[in-house]
Structure formats: C-alpha cells, structure tokens
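What follows is a single structure, written as structure tokens, with notes after it.
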Amino acid sequence: MTYWNKEIETMDPESLRKLQSEKLVKLINYVYDRSPFYRKRFEEAGIKPEDIRSIDDLTKLPFTFKKDLRDTYPTGMFCVPPKDVVRIHASSGTTGKPTVVGYTENDLDCWSESLARAMTSAGLNGDDIIQVSYGYGLFTGGLGAHYGSEKIGATTVPAGTGNSERQIMLMQDLGVTGICCTPSYFSHLIEVAANMGVDFRKDTKLRVGLFGAEPWSEELRKHIEERSGIKAYDIFGTSELSGPLFTDCEKQNGIHIWGDMFIVEVVDPKTGKQVPDGEKGELVVTTLTKEALPLIRYRVGDLTSMTHETCACGRTHPRILRLTGRTDDMTIVRGINVFPGQVEAVLLATPGVTPNFRILIDRVHELDTMTVQVELNEENFSEKMSDLFSLKSEIERKLQSILNLSAKVEFVEIGTIPRYEGKAKRIIDNRKLWMTEKDQSLSLKPDFRKSFNIIRMYIRYHCRIMSDAWLPLTGKSGSPVKAGLNARLSQFINQI
Ligand SMILES: [Zn+2]
38 MTYWNKEIET MDPESLRKLQ SEKLVKLINY VYDRSPFYRK RFEEAGIKPE DIRSIDDLTK
98 LPFTFKKDLR DTYPTGMFCV PPKDVVRIHA SSGTTGKPTV VGYTENDLDC WSESLARAMT
158 SAGLNGDDII QVSYGYGLFT GGLGAHYGSE KIGATTVPAG TGNSERQIML MQDLGVTGIC
218 CTPSYFSHLI EVAANMGVDF RKDTKLRVGL FGAEPWSEEL RKHIEERSGI KAYDIFGTSE
278 LSGPLFTDCE KQNGIHIWGD MFIVEVVDPK TGKQVPDGEK GELVVTTLTK EALPLIRYRV
338 GDLTSMTHET CACGRTHPRI LRLTGRTDDM TIVRGINVFP GQVEAVLLAT PGVTPNFRIL
398 IDRVHELDTM TVQVELNEEN FSEKMSDLFS LKSEIERKLQ SILNLSAKVE FVEIGTIPRY
458 EGKAKRIIDN RKLWMTEKDQ SLSLKPDFRK SFNIIRMYIR YHCRIMSDAW LPLTGKSGSP
518 VKAGLNARLS QFINQI
C-alpha cells in the first residue's frame, strides 16, 4: 500500500483524537479573537473559549450555515487581513450572491496536501499524466485538482471543460492515465468516444478517474467502470471548505477524511443531534487548519453516514460513505423526498436504458406529477412497441417501489437530454412557474394568472403528445430530422 504521508494517515485513533482536541482548542481561541461574527455567535450561545477543552466539548458549539456566508458577503467572515489572502474562489451561486472563500498561502498548501494524500490513495503517483476536465476559474474543481496533481508530481493537463472530441484526442495523444471531472461529463465522454470509434480500453492509457462535484451512485460507478475499463473514484469537497479534498481509496469503501485537518460529524438534519456511526444524516465539518475562513460545525448540506473503523488500506481516519444527495438538491413531490440519485440507481439497474435522464415536475389540478425522461440505449433499442411498453412499465414499477411515489416514464431519443460539463441539472421543477417571482411582480390578477397557466399547461401537454408520437416512428436508424425536431420540442417545453 502506498501512502503520501504514512505517519499521519495511519496514526492510531487515540493520538488522532488528541491532536484534534489540541487543534480545536487553538481554533476556538483563534476565531474568538479575530472574527466578530464568531465572537457574537459564541456569546449568543453563552460559550467562552475556555469552555472548549477537548473534542468532547464540540457539541456545545453552535452550527455555521451557508446562509451565514451569504449574510456576511463578501468577506465578513474572513479572519485575516486582505493582504494575507492570496486567492479567492466563489461558489456558483444559483440564487442571489455567491459565497466567497479566501485562502492564505498555508490554506492552499493544506488543500494540496489533502488532495495529494487522496490521489495517492486512489493509486495515482508522479508517473501519471492527469487531465483536469473540471472548470477552471472561480469554481474550485479545476484549480483544486490541478494543484493536487502537481503536488504528487504527476504531469498535469489543464484541459478544462468543453470540446469533448478534443478532450479525447488529448487523452490519446498525450497518453493520459488519470482524469478528474464530473461523473455525468465522463459518461458523456464515453458516448463521444464511442461515436469517434475510440475504445477507452484499447485506444487510451486511461486507468483512473476521480469524479465528483455532484452526487452519484454506486451503480453509475459500475456503469463507468464497465464501459471504460478504468477504476472510478468518488472525490468530495465543497467550495466553502476549500473545494475537492477527499476521495475513496483503492478499496472503494468510503471517502477518507483527513482528521488532522477536519473534524466530521453526521447529525440529524432536523434536531442537529449527532447520529451513531452507520446512520444517515447531514454532514457537518469543522476546519482545523484553515486561516482565512475557518468554519466551525459547518452544515454542509450533503447526506451521508460515517464510520470510525480502520479501512482495509490501513488508514485510520474516519470515512464518510457515499453521499446520497444534498439536502438542497432534493425535491419534495407530494410530500415525499426525491433525490435524483434514486432515479439514477433504478435506470442503471435496467438494461436497455442510459443514465441520461431528467425529472420533470409539474402541478396538474393542484396535484404534483413527476415524469422521468429517459434516453434509450441504441444497442438495445427495440422497434417493437410492445417491448417498449413493457420496459416503460418495468421502470415505472421500480420507481414506484423505491420512491413510494408514482412517476410516469417517457422515452426520448439519444441526444435529447442536455449534457453538462459541470454539475448535471437533473430536476426541472415546473411547479415554480405557477407562482414565480416574475409572475408576482407583474401583479397579475388571480383570474388572469389562472388562465395564463392553463394555456401554458395546454401547450406543454400537446407538445409532449407530439413528442411521444414521434418516438416509435424514429426506430433504430432514427432520422436526424426527427431527432432534431424532438430535441427542439423538448427545449421548447422547458422554456415556456
Ligand atoms: Zn482506505
């Protein structure tokens, strides 16, 4: 077994806990002295720095939320003067202002150290050629993976996102052995390679992929590994904590968190109480080494469970198990929590369909409806209507049993579902259109709004019927004209 920092990675759990206690006490004094935000938060909770004497006192501390970072936008929670900040990243805020994160030189070193340990645990080393196909820029994925790759001495190819055919050409021509990108983008690259007549197994040297920035399932890992012949690892991090930080090791049984840098907890999202090992809850992280923007008991929003057992690889630090979704990626349909990962798992366990899907949620007669659009696999495409119907009802049955919710399945042609270079957008929630902020600002009279929505629904409904009617006609050789029409129609449905 190869380690990047064997002494730390395999230290005995007792000594690790002691080290965490010492660092936590230092951290609490550090933020109390330097951050008016934390000082106020502690005072409100009736906590003084001397109350925190070891990691056992951790639960006395109040949580920090993403909202706190937004409320103090842009740099209100920074603990160092501007001159000590050497880099800024920001999250891709989908609503309102982004969250801004600053790094000191030491913060950047710790970030690279964390990734160097992670990449080594996934079997990468200085002989590798690593293509970084995450976005570079304010998003942390590109530069994070880039510095980790350079730290282990690998040759780094900063490909960035986009131009999939060039990505595959680079992979072939440069003899790339490792890739970092989102799992949905890699699934797309597998398709593009197939269309180019490139077989990952024979025509490239690619052997390891680190995939993250969006939740994905064990089934997608199998799918990727079977289709491309590489080993696929889960990489985890969020922009507020640094960016990509941790991966699973070659044993693929959980993501190794580096306990000398971070304390992780899993809590019940409703009560905030810690849950026992193995039980699912929300991930909470305390940073132990960050200087510019330390976070105390930060509610990450991802759902997971954790274990303190030593891994078969010999690493003793805690592991978190595969993330099953984010609390904010989740959507609620008829009172039931739905995660895109659950749908993905059903599709990947069904032969004949691809992992390309999206979930359309609507409200018809005050009732939420859920439609899952799925792309059929060309190899298994059957022209027989009866086969299509039985496949459709098989998926609907499986979805019903997993989600406890009835969902309609719609088959669409290959290429209809948009491909994403970054995070895939799986849920299209059309319910919002009923009462968007725009609608409200127009101050439409209720009667008018109602008629407006009925017209919108009517158009959408008929577009879908047309789309359904085309599908059986297109068959195996699928005329490009019909495929194009279908793609445009889907786009239109989502725009109105
Ligand atoms: Zn391990």
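Counting from 38, one number per residue, gives the positions in the sequence shown under this note's numbering. The beta carbon of each residue, even a glycine, is placed where N, CA and C say it ideally should be. The structure presented is a predicted model; accordingly, all values stated were derived computationally and were not measured.
Quick check: what's the CA-CA separation for residue i versus residue j?
i    : j    : result
A153 : K188 : 6 Å
S25  : K104 : Beyond the ends of the chain as shown, which are 38 and 533, falls residue 25; an answer cannot be given.
D121 : G139 : 9 Å
Q57  : I432 : 47 Å
L390 : A230 : A small correction: the amino acid at residue 390 is Val; Leu does not occupy that position in the sequence shown. Straight-line Cα distance between these residues: approximately 18 Å.
L358 : S149 : 22 Å
E59  : L330 : 19 Å
G113 : P86  : 21 Å
V76  : V301 : Residue 76 is actually Arg in this sequence, not Val. Distance between the alpha carbons of R76 and V301 is about 22 Å.
K460 : M343 : 24 Å
A127 : S430 : 44 Å
Y495 : I396 : 19 Å
T324 : Y110 : 20 Å
Y270 : N232 : 25 Å
T406 : G452 : 24 Å
V194 : Y184 : 11 Å
L481 : N467 : Interpretation of L481 is limited by its pLDDT of 44, a score under 50 that renders its predicted location unreliable; no figure is taken from the coordinates.
K134 : R107 : 7 Å
L442 : E44  : 50 Å
H499 : T341 : 41 Å
R244 : G266 : 7 Å
N393 : V449 : 10 Å
T47  : P355 : 11 Å
V370 : R124 : 41 Å
P99  : P281 : 25 Å
L413 : H260 : 15 Å
T101 : E277 : 11 Å
M472 : R456 : In this prediction, M472 scores a pLDDT of 43, lower than 50, which makes its location untrustworthy; no coordinate-derived value is stated.
D305 : N374 : 15 Å
F273 : V401 : 38 Å
N42  : G190 : 15 Å
P118 : E328 : 11 Å
Looking at the unbroken beta strand (DSSP E) that takes in residue i, where does it start and where does it end?
i    : result
G378 : Segment 377-385 is the alpha helix (DSSP H) holding G378; no beta strand (DSSP E) there.
D236 : First-last for D236: undefined, no H or E at that position.
R400 : 390-401
K268 : 268-275
F283 : 280-284
I261 : Looking at the DSSP string, I261 is not in any beta strand (DSSP E); the run it does join, the alpha helix (DSSP H), is 255-265.
I369 : 368-370
Looking at ligand 1, does it come within less than 7 Å of residue i, judged from the CB to the closest heavy atom?
i    : result
H260 : no
R352 : yes
S158 : yes
H499 : no
K288 : yes
H345 : no
C348 : yes
H225 : no
H293 : yes
Looking at the secondary structure, which residues open and close the alpha helix (DSSP H) in which residue i lies?
i    : result
M206 : 201-211
C545 : The requested residue 545 does not occur in the structure, where the chain is confined to residues 38 to 533.
T193 : No alpha helix (DSSP H) contains T193, which is instead part of the beta strand (DSSP E) from 192-194.
M156 : 142-158
M422 : 422-440
E187 : 177-188
I465 : Counting along the chain, I465 falls outside any alpha helix (DSSP H), though it belongs to the beta strand (DSSP E) covering 464-466.
I166 : I166 -> not in any alpha helix (DSSP H); beta strand (DSSP E) instead, spanning 166-169.
I447 : Inspection of the sequence shows that residue 447 is occupied by Glu rather than by Ile. Premise fails: E447 lies in the beta strand (DSSP E), 445-449, not in any alpha helix (DSSP H).
I65  : 50-71
I45  : 43-46
Per DSSP, what are the beta-bridge partners of residue i in this structure?
i    : result
E319 : V304, L340
A127 : V137
L247 : C217, Y270
R356 : H293, T344
M407 : I398
Y335 : T101, V322
Q311 : V304
I496 : DSSP lists no partner for I496.
Q | Stretch-stretch touch, CB-based, cutoff 8 Å, three pairs: the segment 250-270 with the segment 421-428 | A | no
Q: Evaluate contact between the segment 302-315 and the segment 219-226, counting only Cβ atoms and requiring at least three cross-stretch pairs below 8 Å.
A: no
Q | the segment 231-243 touching the segment 177-197, judged by at least three CB pairs closer than 8 Å | A | Output reads no: the segment 177-197 does not touch the segment 231-243.
**Q.** Touch test, the segment 67-83 against the segment 277-291, Cβ-Cβ under 8 Å, three pairs minimum
**A.** no
Q) Hey, is the segment 379-389 in contact with the segment 345-355, meaning 3+ C-beta pairs nearer than 8 Å? A) no
Q | Validate contact between the segment 157-168 and the segment 303-312 using beta carbons, cut 8 Å, 3 pairs | A | no
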